[in-house]
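Read the structure below first, then the notes.
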Amino acid sequence: MKETADAVVIGGGINGCSIAYELANHGVKRVVLLERRHIAGGPTGRSSGVIRQHYTIETLARMAFDSLRVFQNFGEIYGGSAGFVQVGDVFLVEQKEAESLRTTVTMHQRIGIRSSVLTPDELRQLDPLLDTSEVACGAYEPDGGYADPALAANSICDAARAHGVAVKQRCPVVGLTVERGQIKCVKTTEGEIATETVVNVAGPWGSEIAAFVGVEIPITPSRHPVVLLQRPPRWRHPTPVWVDLINAAYFKPEGATKVLVGSIRSEEGHIRADTETYSQSPSYDEIASYSDSIMKRFPVMSEGLAQGGWAGLYDVTPDWQPVIDHIPDVKGFYCAVGFSGHGFKLGPAVGTIMGELILEGSCKTYDISPFRYERFREGRLTRTGYEHGILG
Ligand SMILES: Cc1cc2nc3c(=O)[nH]c(=O)nc-3n(C[C@H](O)[C@H](O)[C@H](O)COP(=O)(O)OP(=O)(O)OC[C@H]3O[C@@H](n4cnc5c(N)ncnc54)[C@H](O)[C@@H]3O)c2cc1C
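With positions in the sequence shown counted from 1, the corresponding number in the numbering used here is that position plus 38.
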């Protein structure tokens, strides 16, 4: 007999695990989570895991604010650990973006985020080794930091299992069946599952899953390296996560001895990568250029030592914002895809949104209009306050 489910979630990254958990936690009986590799085996497992609330789009700031509370109290909510380390985070801008930063911080303070605008002198008090050349000001969030994405996703997945979710790994979805506009069946390499509710959370493969039901979602899978460097003995004191809009880079401390460097350049998001064969290591040139970018902000890193790194995929949409929506053309087909390199920290809130969409028919907690599926068809892309789309 064909297996049946009340809901099938496709994709075992942070967002798929969070959605499956949320549905089961709200009483949905037969939830199946399908993952073609293993939990966090896609971009989630390669994420830098930076957790910040600094977004110019208010909905994203609210989602990040709520999700951060979850990461801070992770063990009580899900059990297990997310490996959250609260070191604070700082956004650095030059004069031309100072006004956007101030407006953003005012919005954050209104919604309850602890954030303040600091002068270059005040920024140097956070870390005396910071070079503030060209920096007009910075936004400091003491509550930000970073987590361990693979650990977080697996912990949420364990919590979902404990609530009755059937988790099937090494179980790729190979097709979907629709009858008279209603989703009816998920086809996998292990057999078929009859269901009237499917949630596509397949990240860079999200447009392939949507194509099974004739729905087009513009996602460019693009490759993004990160480089790991050893900090010299002179720079072993605590330091926050730094996001340098001027040099389009971010620096995330890893314990007291290492720092991870990534890029926030938008251009890279439009270069299509082959999701199966892309190079998973940084090249020599990438290591050299990322080392240069941290040396501009922290000249002490001229004494640093490259220790390798890795590369992962972003699922980039034309406006760098996700689609979180019920797809109007196909009843029972929901999508949460296209997180464009900034979707780890939002995981808990994405679960809340999808739970409300599926169980109540609309999202009451957040204004999710920036993530509407139809915006691409209508040519009404979501706008952000900075030139780097990933910052949202
Ligand atoms: C290098 C890098 C650094 C990043 N840094 C940050 C950061 O600092 N902060 C932040 O918030 N975000 C960051 N991100 C982005 C963040 O990691 C992602 O947005 C987030 O993890 C996406 O989670 P997801 O659950 O939506 O999807 P994914 O993690 O993409 O998971 C999708 C899953 O679907 C599975 N799948 C695909 N096709 C099928 C199929 N046919 N059948 C079954 N399963 C399928 C895949 O195997 C995959 O596991 C970074 C990403 C990368 C690559």
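Even for Gly, the Cβ is constructed at its ideal location relative to N, Cα and C.
Note that the coordinates shown come from a computational prediction; the quantities given were computed from them, not determined experimentally.
| said: Please state the DSSP three-state secondary structure of T157. | reply: Sequence index remark: in the sequence shown, residue 157 carries index 119 (1-based). Coil.
| query | When the Cα of H76 is compared with those of V368, L189 and K290, which residue comes out closest? | reply | Within the sequence shown, the letter at position 38 stands for residue 76. Considering only alpha carbons, the answer is L189.
| query | Candidates P320, T422, E228 and H64: which alpha carbon is nearest G346's? | reply | Looking up residue 346 in the sequence shown gives position 308. Answer by Cα proximity: P320.
| Straight-line Cα distance separating D159 from Q91 | The residue you call residue 91 lines up with position 53 of the sequence shown. The residue you call residue 159 lines up with position 121 of the sequence shown. Those two C-alpha atoms are separated by around 23 angstroms.
| query | Cα separation between I151 and V361? | reply | The residue given as residue 151 occupies position 113 in the sequence shown. The residue given as residue 361 occupies position 323 in the sequence shown. I151 and V361: Cα-Cα distance of roughly 25 angstroms.
| message | Using 8 angstroms as the threshold, is the C-beta distance between S245 and H426 below it? | response | Mapped onto the sequence shown, residue 245 falls at position 207. Mapped onto the sequence shown, residue 426 falls at position 388. Cβ atoms of S245 and H426: not closer than 8 angstroms.
| said: What would DSSP say about E41, mapped onto helix, strand or coil? | reply: As a first step, residue 41 must be located in the sequence shown, where it is residue number 3. Correct three-state label for E41: strand.
| said: Do D196 and G87 have their beta-carbon atoms positioned less than 8 angstroms apart in this structure? | reply: Reading the sequence shown from its first residue, position 49 is the one you call residue 87. Reading the sequence shown from its first residue, position 158 is the one you call residue 196. It is not a contact, given that the beta carbons lie outside the stated cut-off.
| task | Compare the C-alpha of E230 against each of G219, L214, A240 and G241 and name the closest. | result | For the purposes of this step, residue 230 is taken as residue 192 along the sequence shown, with counting starting at 1. Of G219, L214, A240 and G241, the residue nearest in Cα terms is L214.
| query | Going by DSSP, what residues sit across from K296 in a beta bridge? | reply | As a working mapping, residue 296 is identified with position 258 in the sequence shown. K296 pairs with Q268 and E292.
| field | Distance between R413 and T42 (C-alpha atoms, nearest Å) | value | As a first step, residue 42 is located in the sequence shown; it is residue number 4 there, counting from the start. As a first step, residue 413 is located in the sequence shown; it is residue number 375 there, counting from the start. Distance between the alpha carbons of T42 and R413 is about 33 angstroms.
| Is the Cβ-Cβ distance between I396 and A45 less than 8 angstroms? | One-based indexing of the sequence shown puts residue 396 at position 358. One-based indexing of the sequence shown puts residue 45 at position 7. In this structure, A45 lies closer than 8 angstroms to I396 by Cβ.
| The alpha helix (DSSP H) with A249 in it runs from where to where? | Here residue 249 is taken as the residue at index 211 of the sequence shown, counted from 1. G244 to A249 is the extent of the alpha helix (DSSP H) around A249.
| query | With burial defined as no fewer than 16 other Cβ atoms inside 10 Å of the residue's Cβ, what is the status of A62: buried or exposed? | reply | The residue given as residue 62 occupies position 24 in the sequence shown. So A62 ends up on the buried side.
| request: Could you tell me whether any non-hydrogen atom of ligand 1 is closer than 7 angstroms to the CB of E73? | output: Counting from one through the sequence shown, the residue named residue 73 turns up at place 35. E73 Cβ: within cutoff of ligand 1.
| query | According to DSSP, is E132 helix, strand or coil? | reply | As a position in the sequence shown, residue 132 is number 94, starting the count at 1. Coil at E132, not helix or strand.
| query | In the structure shown, what three-state DSSP assignment does S334 receive? | reply | Taking the first residue of the sequence shown as 1, we reach residue 334 at position 296. According to the sequence shown, residue 334 is Lys rather than Ser. DSSP places K334 in helix when its eight states are reduced to three.
| field | Inter-residue Cα distance where the pair is Y178 and L343 | value | By one-based count along the sequence shown, residue 178 stands at place 140. By one-based count along the sequence shown, residue 343 stands at place 305. The straight-line gap from Cα to Cα measures roughly 28 angstroms.
| query | With V155 and V143 assumed to form a contact (beta carbons below 8 angstroms), what rounded beta-carbon distance in angstroms separates them? | reply | Taking the first residue of the sequence shown as 1, we reach residue 155 at position 117. Taking the first residue of the sequence shown as 1, we reach residue 143 at position 105. The Cβ separation is near 5 angstroms, so the contact holds.
| Assuming P408 and E341 make a contact with CB atoms under 8 angstroms, what is their CB distance in whole Å? | Numbered from its first residue, the sequence shown carries residue 408 at position 370. Numbered from its first residue, the sequence shown carries residue 341 at position 303. Actually they do not touch by this definition, with Cβ atoms about 43 angstroms apart.
| Within the present structure, is the beta-carbon of Y372 separated from the nearest heavy atom of ligand 1 by less than 7 angstroms? | Along the sequence shown, one-based indexing puts residue 372 at 334. Because no heavy atom of ligand 1 lies under 7 angstroms away, the Cβ of Y372 does not count as near it: no.
| field | One or two residues paired with D282 in a DSSP bridge | value | Here residue 282 is taken as the residue at index 244 of the sequence shown, counted from 1. Looking at the DSSP assignment, D282 forms a beta bridge with L130 and A287.
| field | Nearest-angstrom Cα separation, counted from Q133 out to H201 | value | Sequence index remark: in the sequence shown, residue 201 carries index 163 (1-based). Sequence index remark: in the sequence shown, residue 133 carries index 95 (1-based). Approximately 51 angstroms, taken between the alpha carbons.
| request: Assign N111 to one of two classes, buried (16 or more other C-beta atoms within 10 Å of its C-beta) or exposed (fewer than that). | output: Reading the sequence shown from its first residue, position 73 is the one you call residue 111. The residue is exposed, with fewer than 16 neighbouring Cβ atoms inside 10 Å.
| Under 8 angstroms, do V279 and V108 count as touching if we go by C-beta distance? | Taking the first residue of the sequence shown as 1, we reach residue 279 at position 241. Taking the first residue of the sequence shown as 1, we reach residue 108 at position 70. Against a cut-off of 8 angstroms, the Cβ pair of V108 and V279 comes out as no contact.
| said: I need the DSSP call for V163, collapsed to helix, strand or coil. | reply: Taking the sequence shown and counting its residues from 1, the one referred to as residue 163 is at position 125. In the sequence under discussion, the amino acid at residue 163 is Gln, which differs from the Val named in the question. In the structure shown, Q163 sits in a helix (DSSP, three-state: H, G or I).
| message | Rounded to the nearest angstrom, what separates L98 and S171 at their Cα positions? | response | Within the sequence shown, residue 98 is the residue found at index 60, counting from 1. Within the sequence shown, residue 171 is the residue found at index 133, counting from 1. Cα to Cα, the separation comes out at about 30 angstroms.
| field | Residues near K369 in its chain [Cβ-Cβ closer than 6 angstroms; skip 5 each side] | value | Start at 1 with the first residue of the sequence shown, and residue 369 comes out as number 331. Once the five neighbours on either side are set aside, the close Cβ partners of K369 are G219 and Q220.
| Rounded to the nearest angstrom, how far is the Cβ of Y352 from that of G379, given a contact under 8 angstroms? | Along the sequence shown, read from residue 1 onward, the residue named residue 352 stands at position 314. Along the sequence shown, read from residue 1 onward, the residue named residue 379 stands at position 341. 4 angstroms between Cβ atoms; contact.
| Could you give the residue range of the alpha helix (DSSP H) that holds G389? | Here residue 389 refers to the residue found at position 351 when the sequence shown is read from its first residue. Residues G385 to E398.
| Since T226 contacts L72 with CB under 8 angstroms, what's their CB separation in whole angstroms? | On the sequence shown, residue 226 is found 188 positions in, with the first residue counted as 1. On the sequence shown, residue 72 is found 34 positions in, with the first residue counted as 1. At roughly 6 angstroms, the Cβ-Cβ gap stays under 8 angstroms, so T226 and L72 are in contact.
| task | Determine the DSSP secondary structure at A191, reduced to helix, strand or coil. | result | Indexing the sequence shown from 1 puts residue 191 at position 153. It is helical.
| Those residues which DSSP pairs with V253 across a bridge | Your numbering for residue 253 matches position 215 in the sequence shown. According to DSSP, V253 bridges with nothing at all.
| query | What does N238 pair with, by DSSP beta-bridge criteria? | reply | Residue numbering aside, residue 238 sits at position 200 when the sequence shown is read from its first letter. According to DSSP, which records beta bridges pairwise, N238 is partnered with I48 and C373.
| Cβ-heavy atom distance, K67 to ligand 2, below 7 angstroms | Among the ligands modelled here, namely ligand 1, ligand 2 does not occur.
| message | I want to check one thing, is the minimum distance from the CB of A240 to the heavy atoms of ligand 1 below 7 angstroms? | response | Taking the first residue of the sequence shown as 1, we reach residue 240 at position 202. It does: the Cβ of A240 is within 7 angstroms (strictly closer) of some heavy atom of ligand 1.
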